[in-house]
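*Asks:* First the structure, which I've put down as structure tokens, then a few questions once you've had a look.
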Amino acid sequence: MDSKPSPFVPPAPRPRTSPPSTLEMMRIVYRNPLELWGEPSYNEPWICVRGGVGGPLVVANDPALIRHVLVDNAKNYKMATVRQKILRPILRDGLLTAEGEVWKRSRKAMAPVFTPRHIFGFAAPMLKCARQFTGRYEDGKVHDIARDMTELTYDILAETLFSGEIAGEPGSFSHQIDRLFETMGRVDPLDLLRAPDWLPRLTRIRGRRTMAYFRKIVTDTMAMREERLQRDPDHAPQDFLTLLLRARGPDGLTRGEVEDNIITFIGAGHETTARALGWTLYCLAEAPWEREPIEREIDAVLAREPDPAKWLDAMPLTRAAFEEALRLYPPAPSINREPIEPETFNGLSIPPRAAVLVMPWVVHRHRKLWKDPDAFIPARFHPGNRDKIDRFQYLPFGAGPRVCIGASFAMQEAIIALAVLMSRFRFDTTAETKPWPVQKLTTQPEGGLPMQVTAR
Ligand code: HEM
Numbered sequence: 011m012d013s014k015p016s017p018f019v020p021p022a023p024r025p026r027t028s029p030p031s032t033l034e035m036m037r038i039v040y041r042n043p044l045e046l047w048g049e050p051s052y053n054e055p056w057i058c059v060r061g062g063v064g065g066p067l068v069v070a071n072d073p074a075l076i077r078h079v080l081v082d083n084a085k086n087y088k089m090a091t092v093r094q095k096i097l098r099p100i101l102r103d104g105l106l107t108a109e110g111e112v113w114k115r116s117r118k119a120m121a122p123v124f125t126p127r128h129i130f131g132f133a134a135p136m137l138k139c140a141r142q143f144t145g146r147y148e149d150g151k152v153h154d155i156a157r158d159m160t161e162l163t164y165d166i167l168a169e170t171l172f173s174g175e176i177a178g179e180p181g182s183f184s185h186q187i188d189r190l191f192e193t194m195g196r197v198d199p200l201d202l203l204r205a206p207d208w209l210p211r212l213t214r215i216r217g218r219r220t221m222a223y224f225r226k227i228v229t230d231t232m233a234m235r236e237e238r239l240q241r242d243p244d245h246a247p248q249d250f251l252t253l254l255l256r257a258r259g260p261d262g263l264t265r266g267e268v269e270d271n272i273i274t275f276i277g278a279g280h281e282t283t284a285r286a287l288g289w290t291l292y293c294l295a296e297a298p299w300e301r302e303p304i305e306r307e308i309d310a311v312l313a314r315e316p317d318p319a320k321w322l323d324a325m326p327l328t329r330a331a332f333e334e335a336l337r338l339y340p341p342a343p344s345i346n347r348e349p350i351e352p353e354t355f356n357g358l359s360i361p362p363r364a365a366v367l368v369m370p371w372v373v374h375r376h377r378k379l380w381k382d383p384d385a386f387i388p389a390r391f392h393p394g395n396r397d398k399i400d401r402f403q404y405l406p407f408g409a410g411p412r413v414c415i416g417a418s419f420a421m422q423e424a425i426i427a428l429a430v431l432m433s434r435f436r437f438d439t440t441a442e443t444k445p446w447p448v449q450k451l452t453t454q455p456e457g458g459l460p461m462q463v464t465a466r
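The sequence shown maps to residues 11 to 466 in my numbering.
The following block contains the structure:
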């Protein structure tokens with residue numbers, strides 16, 4: 011007889027049973043867009059709304075339609091206007107927000123930066139940061155794991171990006187990042203109404219000064235490294251910064267694009283992984299029967315395999331739990347596009363200027379695509395089961411030409427972090443652990459993740 015308890019169902023907004031009024035909708039979009047979606051969104055292959063406030067809207071859930079938009083006819087889709095309005099002032103021509111020829115040239119120039127050889131090379135600094143980080147848990151107290159994971163992934167990024175050689179006062183950089191994304195990275199109601207750019211967005215004004223300060227640190231850091239590369243090219247650190255500076259050239263990146271991409275990596279590459287790590291530890295704490303075999307797997311691998319670059323392949327159970335947390339709480343909950351030309355797909359007509367939303371949040375919880383969609387069941391991703399999941403029903407890293415360039419980096423980082431943390435400590439929820447998923451730039455746990463950390 012199977013003695014496993016029934017699966018843990020972590021917190022999530024219930025699908026709405028009636029559509030919100032226009033005013034209510036604006037409020038929800040500003041506060042937490044995850045609360046917007048109703049029963050039809052979680053049940054239908056697509057939803058098409060023509061007379062909405064922000065123009066026509068298509069919610070794409072059918073894997074074939076998603077494949078059409080992101081891959082087969084990707085050339086007919088640009089980044090959605092609202093997304094660009096929020097992100098471009100911060101990230102400019104970084105890969106996430108670049109389009110057309112700039113994007114094509116930059117993606118090609120940056121591909122060598124993300125080869126397996128370089129990613130494996132980052133395993134050692136990832137391990138070093140994770141080990142140093144665990145020192146704080148010796149006190150046996152309650153810690154906010156959400157905040158901690160942001161710090162840990164920030165440490166890892168600072169090490170792999172700059173090898174810790176950042177201009178400015180120590181600590182000020184990470185502080186500025188938090189402020190920047192808190193103030194700039196929100197949907198302003200005026201964006202939603204597609205108001206013209208000259209109308210000031212009150213929600214974003216505060217972010218401007220932070221932005222200027224932040225840019226200056228990056229420019230100074232680049233200048234420091236350029237000087238070092240000239241003076242002592244053989245001994246300069248082999249980190250992202252050196253690799254990006256070497257990707258410059260007539261067919262490569264411009265100086266400004268290197269700067270934009272550094273800011274993009276920071277924006278796209280640490281909060282995302284942090285969120286997924288936090289949700290993984292939380293779900294495992296609430297499902298200790300899932301946690302035990304993972305602890306055994308980690309202990310066994312750490313005892314025989316000293317090379318952290320090999321851990322991702324050696325720990326299928328740990329990886330499956332992380333992938334399941336990415337399903338339930340995709341750090342990038344919405345992938346937004348807009349058609350260049352209107353078109354028809356399998357009877358669905360996609361109108362001009364429609365916002366086409368491929369929402370990992372909704373697709374990953376779709377009633378017709380998953381059994382027990384809201385439950386935490388890592389076995390879905392165990393070897394043998396994983397192949398049964400359609401490529402276009404599971405999209406934490408997107409798909410097609412604009413698929414996340416940092417996916418292997420993130421997976422390797424997550425497994426190393428989980429292995430180090432869980433080999434030494436056990437993370438348990440307390441009476442205060444009541445996270446509520448809220449979509450800001452990433453899927454964040456409102457209320458934080460206070461957890462009791464005990465040595466194993
Ligand atoms: C768990 C962690 C991560 C998640 C869930 C994630 C998710 C995503 C998604 C969904 C996209 C596609 C967006 C779209 O099509 O509109 C994307 C793109 C991107 N990601 Fe990630 N990401 C993660 C980690 C990282 C890391 C570590 C880096 C860099 C070091 C990174 C850099 C980027 C960049 C530069 C793009 C733009 C690619 C392009 O448009 O060509 N991401 N990411």
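The C-beta atom is built at its ideal place from N, Cα and C for all residues, glycine as well.
List in chain order: all unbroken beta strand (DSSP E) runs of 3+ residues lying wholly within the stretch 110–157.
*Replies:* Listed in chain order, the complete beta strand (DSSP E) runs (minimum 3 residues) inside the stretch 110–157 are 152–154.
*Asks:* Where does Phe402 sit, in a helix, a strand or coil, going by DSSP?
*Replies:* It is coil, neither helix nor strand.
*Asks:* Please identify the residue among His245, His280, Arg225, Thr125 whose C-alpha is closest to the C-alpha of Thr160.
*Replies:* Checked all of His245, His280, Arg225, Thr125; the closest Cα to Thr160 is His280.
*Asks:* Go ahead and pull the three-state DSSP assignment for Met432.
*Replies:* The answer is helix: DSSP assigns Met432 an H, G or I state.
*Asks:* Check whether the Cβ of Ala168 sits closer than 8 Å to any heavy atom of ligand 1, and report yes or no.
*Replies:* Outside the cutoff, so no.
*Asks:* Please list, in chain order, all residues of the same chain as Glu456 whose beta carbon is under 7 Å from its beta carbon, the five residues on each side excluded.
*Replies:* Closer than 7 Å at the Cβ level, and outside the excluded window around Glu456, lie Pro445, Trp446, Val448.
*Asks:* Specify, as a first and last residue, the run of the beta strand (DSSP E) that Pro349 falls within.
*Replies:* Looking at the DSSP string, the run of the beta strand (DSSP E) that includes Pro349 is 345–349.
*Asks:* Taking its Cβ as the centre, do 16 or more other Cβ atoms sit within 10 Å of Lys226, making it buried, or is it exposed?
*Replies:* Lys226 should be labelled exposed.
*Asks:* Taking the alpha helix (DSSP H) that Val268 belongs to, which residues open and close that run?
*Replies:* Unbroken alpha helix (DSSP H) run through Val268: 265–279.
*Asks:* Report the option in Arg218, Met36, Lys381 whose CA atom is closest to the CA atom of Met17.
*Replies:* The residue you asked about is not Met; residue 17 is Pro in the sequence shown. For Pro17, the nearest C-alpha among the options comes from Lys381.
*Asks:* Starting from the C-beta of Asp154, find all residues in its chain whose C-beta is less than 7 Å away, skip the five residues before and the five after it, and write them out in chain order.
*Replies:* Excluding positions up to five away in sequence, the list reads Gly458, Leu459, Pro460.
*Asks:* Count the CB pairs spanning the stretch 358–374 and the stretch 82–92 that are closer than 8 Å, and state whether there are at least three.
*Replies:* Yes: at least three Cβ pairs fall under 8 Å.
*Asks:* With a 10 Å radius around its C-beta and 16 neighbouring C-beta atoms as the bar for buried, classify Ala313 as buried or exposed.
*Replies:* When all chains shown are included, Ala313 counts as exposed.
*Asks:* Is it buried or exposed, Glu351, if we count other Cβ atoms within 10 angstroms and call 16 or more buried?
*Replies:* So Glu351 ends up on the exposed side.
*Asks:* To the nearest angstrom, how far is the alpha carbon of Arg37 from that of Val68?
*Replies:* Their backbone Cα atoms lie some 20 Å apart in a straight line.
*Asks:* Ligand 1 and Glu423: does any heavy atom of the ligand fall closer than 8 Å to the residue's C-beta?
*Replies:* Yes; taking the cut-off as 8 Å, the Cβ of Glu423 has a heavy atom of ligand 1 nearer than that.
*Asks:* How big is the Cα-Cα spacing for Met11 and His392?
*Replies:* Model confidence at Met11 stands at a pLDDT of 47, short of 50, so the residue's coordinates are unreliable; what they give is reported in the following sentence. Approximately 21 Å, taken between the alpha carbons.
*Asks:* The beta strand (DSSP E) with Ala313 in it runs from where to where?
*Replies:* Counting along the chain, Ala313 falls outside any beta strand (DSSP E), though it belongs to the alpha helix (DSSP H) covering 298–314.
*Asks:* Can we count Gln383 as close to ligand 1, meaning its CB is less than 8 Å from some heavy atom?
*Replies:* Position check: residue 383 holds Pro in this sequence, whereas Gln was assumed. No - ligand 1 has no heavy atom lying nearer than 8 Å to the Cβ of Pro383.
*Asks:* Look at the alpha carbon of Thr231 and the alpha carbon of Met136, and state the distance between them as a whole number of angstroms.
*Replies:* Taking the straight line joining both Cα atoms gives about 21 Å.
*Asks:* Regarding Phe419 and ligand 1, is the C-beta to nearest heavy atom distance less than 8 Å?
*Replies:* Phe419: yes, Cβ under 8 Å from ligand 1.
*Asks:* Considering Cα atoms alone, identify which of Ser359, Cys293, Phe402, Val430 is closest to Pro349.
*Replies:* Considering only alpha carbons, the answer is Ser359.
*Asks:* Mark His78 as exposed unless 16 or more other C-beta atoms lie within 10 angstroms of its C-beta, in which case mark it buried.
*Replies:* His78 is buried by the Cβ-count criterion.
*Asks:* If the criterion is Cβ atoms closer than 9 Å, does the pair Thr396 and Ala330 meet it?
*Replies:* One point to set straight first is that residue 396 is Arg, not Thr, in the sequence displayed. Result yes, Cβ atoms of Arg396 and Ala330 sit closer than 9 Å.
*Asks:* Leaving out five residues on either side along the sequence, give the residues of the same chain with a beta carbon under 8 Å from the beta carbon of Pro255.
*Replies:* In the sequence under discussion, the amino acid at residue 255 is Leu, which differs from the Pro named in the question. Within the same chain, Leu255 has close Cβ partners Met232, Arg235, Glu236, Leu239, Val268.
*Asks:* Quick check: is the beta carbon of Arg436 nearer than 9 Å to any beta carbon in chain D?
*Replies:* Note that chain D does not occur in the displayed structure, where there is just one protein chain.
*Asks:* Taking just the CA atoms, how far does Asn271 sit from Glu353?
*Replies:* When rounded, the distance between both Cα atoms is 33 Å.
*Asks:* Return the CA-CA distance between Thr453 and Thr282, expressed in angstroms with no decimal places.
*Replies:* Looking at the two C-alpha atoms, the distance is approximately 8 Å.
*Asks:* Determine the direct distance from the alpha carbon of Asn83 to that of Leu379, and round the result to whole angstroms.
*Replies:* So the two alpha carbons sit approximately 23 Å from each other.
*Asks:* Along the beta strand (DSSP E) that carries Pro447, what are the first and last residues, could you check?
*Replies:* From DSSP, the beta strand (DSSP E) with Pro447 extends over 446–449.
*Asks:* By DSSP's criteria, Pro462 is part of a beta bridge. Which residues make up the other side?
*Replies:* The identity of residue 462 in the sequence shown is Gln, whereas the question assumes Pro. In DSSP, Gln462 forms a bridge with Val152, Asp438.
*Asks:* Quick one: residues with CB closer than 6 Å to any heavy atom of ligand 1, in chain order, please.
*Replies:* With the cut-off at 6 Å, the residues found are Leu105, Leu106, Arg117, Thr274, Phe275, Ala278, Gly279, Thr282, Thr283, Ala286, Pro341, Ala342, Ile345, Pro406, Phe407, Gly408, Arg412, Cys414, Ile415, Gly416, Phe419, Ala420.
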